[in-house]
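Peer 1:
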Amino acid sequence: MIAAVATAAQRQAFLEAARRDPMLHAVLGRDLTLWAGNSGAPVQLYLAGGAALSLSDGCAWMSGLPDDPEELHSFLRFAGVGCLQTPADLRGWPGLRPDVQDTGLTLPPGGALPQPPLPEGFVPDREVGVGEAAGLLFPTHSGYRDGFYSRTCTAVNHGLARLWGLRDRQGRLRATMGADALFEGQAYLSLLHTDPACRGQGLGGWLVVAMANALSAEGWQCVFYSEPRNRAFYRRLGFAEAAPLYAYQVGDTIQNQEG
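Residue numbers for the sequence shown follow the working numbering, so the first one is 8 and each next one is one higher.
Dropping the structure here:
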């Protein structure tokens, strides 16, 4: 039976499921720390047998496997979830259509990648404001921007996330990168984005390596996912491949899994 995380025993079970996941440990641990037991929170947490589920903005992260595949599908539909992301290969499960498969990438604690040169005319900012980063990431999507701002402010204020960036000579934020979740020794990296007007100048490569190296030197294991089209870029920078992430569209009915 799928149940909201509310009791101490449920929190412990959720944490144990998070710890078993080599890639989503930090994301789920952050969500547990910030949102468990708050029915009005923007992130809702559930247990489904041996699986941990974190729901927000119509998407779900899942670690582990639920006991009943059909119950999972019914629950996701009822909760308004359109996309399920998990390291588990659920191809053939009822109501789930495979969408994309992202590549996992990692840098171990104490690791150090060759640092690309800092692009000329740009200055690092290791404490980017959440509002400014949200504006760069979602300039035309106020809903995504507001949701990102709310969740990320909470995480940053609790020491569970960081934002870096690069500014031009006029002080304008031109690229941003986040440690979106920092929990129990794992740093989940995401949100690498460069202003379209500044692409092709090496901002992203410098930023992701600089942040990963800094976190690794502090003892964090850095993990993140990459779309297939960017896999070669990150491999050239020196990141090692890790477990993949599968994304599934949640169909209207259990007959929707084919096609």
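Idealized CB from N, CA, C, for every residue including glycine.
(1) Which residue marks the beginning of the alpha helix (DSSP H) containing F129, and which one marks its end?
(2) Using the Cα positions of S81 and M8, report the straight-line distance between them to the nearest angstrom.
(3) Rounded to whole angstroms, what's the CA-CA distance from R27 to L72? Just pull it up for me.
(4) With V257 as the anchor, note down where its beta strand (DSSP E) starts and where it stops.
(5) Should the stretch 225-241 be called in touch with the stretch 185-196, which here means at least 3 C-beta pairs below 8 Å?
(6) Compare the C-alpha of L114 against each of P251, L252, L222, D259 and name the closest.
(7) What is the rounded straight-line gap between the Cα of A188 and the Cα of G258?
(8) Rounded C-beta distance between L210 and F145? I'm assuming under 8 Å.
(9) Ends of the beta strand (DSSP E) at P188?
(10) Could you check what DSSP says for F231 in three-state terms: helix, strand or coil?
(11) DSSP three-state call for P105: helix, strand or coil?
(12) What is the DSSP secondary structure of M218, reduced to helix, strand or coil?
(13) What are the boundary residues of the alpha helix (DSSP H) that includes W100?
(14) Is it true that the CB of H200 sits closer than 9 Å to the CB of M184?
(15) Can you find at least 3 beta carbon pairs, one from the stretch 83-93 and one from the stretch 57-71, that sit closer than 8 Å?
(16) Hey, quick one: how far does the beta strand (DSSP E) through L91 stretch, first residue to last?
(17) Could you tell me how far apart the beta carbons of L244 and G111 are, in whole angstroms, since I believe they sit closer than 8 Å?
(18) Only counting runs of 3 or more residues, tell me where the beta strand (DSSP E) segments fall wholly within the stretch 22-56, in order along the chain.
(19) Which one of Q108, A250, G47, V137 has the shortest CA to CA distance from P235?
(20) If you follow the alpha helix (DSSP H) that R84 is in, where does it begin and where does it stop?
(21) Going by the CB atoms, is the gap between G138 and Y151 shorter than 9 Å?
(22) Once the 5 residues before and after G154 are set aside, which same chain residues still bring their CB inside 6 Å of it?
(23) My understanding is that V34 touches P123, with C-beta atoms under 8 Å, so please give their C-beta distance in whole angstroms.
(24) Looking at the structure shown, is T14 part of a helix, part of a strand, or coil, going by DSSP?
(25) Would you tell me roughly how many angstroms separate the C-alpha atoms of T52 and Q177, rounded to the nearest one?
(26) Which whole-angstrom value describes the C-beta separation of D202 and A182, a residue pair presumed to lie in contact below a C-beta threshold of 8 Å?
(27) Is DSSP giving L170 helix, strand or coil here?
(28) In angstroms with no decimal places, state the Cα-to-Cα distance between D75 and G89.
Peer 2: In terms of the structure at hand:
(1) From DSSP, F129 is part of no alpha helix (DSSP H); its letter is neither H nor E.
(2) Computed Cα separation, rounded: 12 Å.
(3) Their backbone Cα atoms lie some 12 Å apart in a straight line.
(4) Bounds of the beta strand (DSSP E) holding V257 are 247-257.
(5) Enough Cβ pairs lie closer than 8 Å, so yes.
(6) Distance from the Cα of L114 is smallest, within the candidate group P251, L252, L222, D259, for L222.
(7) Straight-line Cα distance between these residues: approximately 29 Å.
(8) Contact doesn't hold; Cβ gap of about 18 Å is too wide.
(9) A small correction: the amino acid at residue 188 is Ala; Pro does not occupy that position in the sequence shown. 180-190 is the span of the beta strand (DSSP E), which, as asked, contains A188.
(10) The three-state reading of DSSP puts F231 in strand, counting E and B together.
(11) In the structure shown, P105 sits in a strand (DSSP, three-state: E or B).
(12) DSSP places M218 in helix when its eight states are reduced to three.
(13) Counting along the chain, no alpha helix (DSSP H) covers W100, and no H or E run does either.
(14) Going by C-beta atoms, M184 is nearer than 9 Å to H200.
(15) Verdict: yes, contact present.
(16) 90-93 is the span of the beta strand (DSSP E), which, as asked, contains L91.
(17) Rounded, the Cβ-Cβ distance is 15 Å, inconsistent with contact.
(18) Runs of the beta strand (DSSP E) inside the stretch 22-56: 51-55.
(19) Cα-wise, what sits closest to P235 is Q108.
(20) Where R84 is concerned, the enclosing alpha helix (DSSP H) stretches over 76-85.
(21) With respect to G138, Y151 sits apart: the two C-beta atoms are not nearer than 9 Å.
(22) Leaving aside the five residues that flank G154 on each side, the residues in its chain whose CB is nearer than 6 Å to its CB run, in chain order, D64.
(23) Rounded to whole angstroms, the Cβ separation of V34 and P123 is 27 Å, and the two are not in contact under 8 Å.
(24) For T14, the three-state secondary structure derived from DSSP is coil.
(25) Going by the sequence as given, residue 52 is Leu instead of Thr. Note on geometry: alpha-carbon atoms of L52 and Q177 lie some 42 Å from one another.
(26) Contact flag correct, Cβ pair sits at about 7 Å.
(27) Note: L170 maps to strand in three-state DSSP.
(28) In a straight line, the C-alpha of D75 is about 19 Å away from that of G89.
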